[in-house]
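Peer 1: Numbering (our numbering), first residue to last: 146 to 514.
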Amino acid sequence: MTMKKIINILASVVLLFGASTAAQAQEVDYEAGHNFITVQGGAQATLTHYNITDLITPQFALSFGRYFNDKFGTRLHFQGYQVNGGFKADRYEGLAADQKYGFKAITGDMDFLVNMTNVLCPNRTSHLVDWVLLAGWGVNVAWDKDEFNAITDKAAWQYYYGPMAQDDRFSTFNGRVGTQVNFNVAKNFAIGVELDANYKNDQFNFKFNGQNDWQVAAFVGLTYKFGVKTKKVAEPEPEPAPAPAPAPVVKPEPKPEPAPVVKKDEPLKETFFYQIRMSDVNDDAKLAKIVKWCNEYPNKTIVVSGYADKGTGNPRINKKYAEQRAFKVADAIKAKGVSADRIMVESYGDTVQPFAENDQNRCTIVVGE
Numbered sequence: 146m147t148m149k150k151i152i153n154i155l156a157s158v159v160l161l162f163g164a165s166t167a168a169q170a171q172e173v174d175y176e177a178g179h180n181f182i183t184v185q186g187g188a189q190a191t192l193t194h195y196n197i198t199d200l201i202t203p204q205f206a207l208s209f210g211r212y213f214n215d216k217f218g219t220r221l222h223f224q225g226y227q228v229n230g231g232f233k234a235d236r237y238e239g240l241a242a243d244q245k246y247g248f249k250a251i252t253g254d255m256d257f258l259v260n261m262t263n264v265l266c267p268n269r270t271s272h273l274v275d276w277v278l279l280a281g282w283g284v285n286v287a288w289d290k291d292e293f294n295a296i297t298d299k300a301a302w303q304y305y306y307g308p309m310a311q312d313d314r315f316s317t318f319n320g321r322v323g324t325q326v327n328f329n330v331a332k333n334f335a336i337g338v339e340l341d342a343n344y345k346n347d348q349f350n351f352k353f354n355g356q357n358d359w360q361v362a363a364f365v366g367l368t369y370k371f372g373v374k375t376k377k378v379a380e381p382e383p384e385p386a387p388a389p390a391p392a393p394v395v396k397p398e399p400k401p402e403p404a405p406v407v408k409k410d411e412p413l414k415e416t417f418f419y420q421i422r423m424s425d426v427n428d429d430a431k432l433a434k435i436v437k438w439c440n441e442y443p444n445k446t447i448v449v450s451g452y453a454d455k456g457t458g459n460p461r462i463n464k465k466y467a468e469q470r471a472f473k474v475a476d477a478i479k480a481k482g483v484s485a486d487r488i489m490v491e492s493y494g495d496t497v498q499p500f501a502e503n504d505q506n507r508c509t510i511v512v513g514e
């Protein structure tokens, strides 16, 4: 299977599952952890004195693992297929020209995973991208060295290739460090890229020179996550209906007299509007009117209500922004000297839309009577 085919398959998966991210009805409980299976395709090359472009070969990988929580996990990773090695003529006496050979190999590693995105940002609200560091160790098994033997068994050039020369198949040590970037296209699926550096035993490629080798690999992969737990998102309480006003009591007067001029209490209603994802207080003039009203009516209270529009985001994100908008306005009023016991804060997320125009529902409404 070529790299182009692998990319086409992964692109198809994105089209199938990409639209489901914003439509999840339940919130994923990331702290609970999950199991996963990953299939990967890519390429690798060994860092030697030979031309690296001649040593690049396709690789395939399969891994099984578990994240114990949102930060730490482990996996059993199998990687292998074709591997290339080579002899440089200027490094081996008696060799007339550079010689390249191929063989088969598979590496099995136990890797430990650290989700650095969650370590560095434990309270993040978006889980679209994960950056992971990994490290592990395992064994490398190599075989099918006919091409190697065809070079080294020539009568004109004999090469001693170490204490395991008599073995047609043998195991060697492998150590690994690497990194991943994964894109969570759906609750149970992720697409990612991975870069690894593998520290190989000296004779993993049958050659023997007293120095261990490094092998680098790059993969594109698809991960299926299962055992993913969800948590129920609490629905915000609906806005209470206003109580009916009591009917006025009118006393008949035989000769009505002009009522004395009395200053009536003026109700307060100010609305703060916001751009998408914004929650800072953005109108000092309205804030000054609210504080002035509170000073004129020291025995009255105000209600600060936060809202978000249904047209953007999702219920969880909109709930967060509505709360932030309401509390920031309330805090700004307190900072101007209004007592906290005169301020009631409410938040309705996107469950209540006070305006017909969608964008106007990104707002905070302050009411005092």
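Ideal Cβ positions, reconstructed from N, Cα and C, are used throughout, including at glycine.
(1) List in chain order: all unbroken alpha helix (DSSP H) runs of 4+ residues lying wholly within the region 454-514.
(2) Taking 8 Å as the threshold, find out whether the region 313-327 comes into contact with the region 184-198 through three or more Cβ pairs.
(3) With H, G and I counted as helix, E and B as strand and the rest as coil, what does DSSP make of N357?
(4) Tell me, please, whether the region 286-294 touches the region 334-347 by the rule of three or more beta-carbon pairs shorter than 8 Å.
(5) Since I201 is in the alpha helix (DSSP H), which residue starts that stretch and which ends it?
(6) Does D291 come out as helix, strand or coil in the three-state DSSP assignment?
(7) Count the C-beta pairs between the region 225-240 and the region 272-279 that are closer than 8 Å, then say yes if the count reaches three, no if not.
(8) Taking only three categories from DSSP, how would you classify A250?
(9) Look up V448 in the DSSP assignment and say whether it is helix, strand or coil.
(10) Any idea what DSSP makes of M261, helix, strand or coil?
(11) Rounding to the nearest angstrom, what Cα-Cα distance links V511 and T219 in this structure?
(12) For D428, does the count of other Cβ atoms within 10 angstroms reach 16, so buried, or fall short, so exposed?
(13) Using alpha carbons as the reference points, say which of A467, G210, A331 and P385 lies closest to C508.
(14) Distance, Cα to Cα, K396 vs A390?
(15) Return the Cβ separation of E415 and K445 in integer angstroms, given the expectation that the two are a contact with Cβ distance under 8 Å.
(16) For R422, is the classification buried or exposed, using 16 other Cβ atoms within 10 angstroms of its Cβ as the cut-off for buried?
(17) Looking only at its chain, what residues have a beta carbon closer than 7 Å to the beta carbon of E172, apart from the 5 residues adjacent to it on each side?
(18) Are the beta-carbon atoms belonging to T193 and Y226 less than 8 Å from one another?
(19) How long is the line joining the alpha carbons of K465 and G482, rounded to whole angstroms?
(20) Rank F205, T191, Q204 and L221 by C-alpha distance to the C-alpha of N180 and give the top, closest one.
Peer 2: Taking the geometry as given:
(1) 460-480, all fully within the region 454-514.
(2) Using a C-beta cut-off of 8 Å, the region 313-327 makes no contact with the region 184-198, since fewer than three inter-stretch Cβ pairs fall below that distance.
(3) Three-state result, N357: coil.
(4) With a cut-off of 8 Å, the region 334-347 and the region 286-294 do not count as touching, because too few Cβ pairs lie within range.
(5) Where I201 is concerned, there is no enclosing alpha helix (DSSP H), because DSSP gives it neither an H nor an E.
(6) It is helical.
(7) In short, these stretches do not touch, since the Cβ pair count stays below three.
(8) Collapsing the DSSP output to three states places A250 in a strand.
(9) Shown here, V448 sits in a strand according to DSSP, grouped into three states.
(10) M261 falls in the helix class under three-state DSSP.
(11) Between V511 and T219, the C-alpha separation is close to 51 Å.
(12) With fewer than 16 other Cβ atoms from the protein chains shown falling within 10 Å of its own Cβ, D428 counts as exposed.
(13) Nearest option by C-alpha distance: A467.
(14) So the alpha carbons of these two residues sit roughly 19 Å apart.
(15) Under the criterion of beta carbons closer than 8 Å, E415 and K445 do not qualify as touching, at roughly 14 Å.
(16) That one is exposed.
(17) Same-chain partners within the cutoff: T375, K376, V378 and R461.
(18) Contact: no.
(19) In a straight line, the C-alpha of K465 is about 26 Å away from that of G482.
(20) Proximity to N180 across F205, T191, Q204 and L221 peaks at L221, based on C-alpha coordinates.
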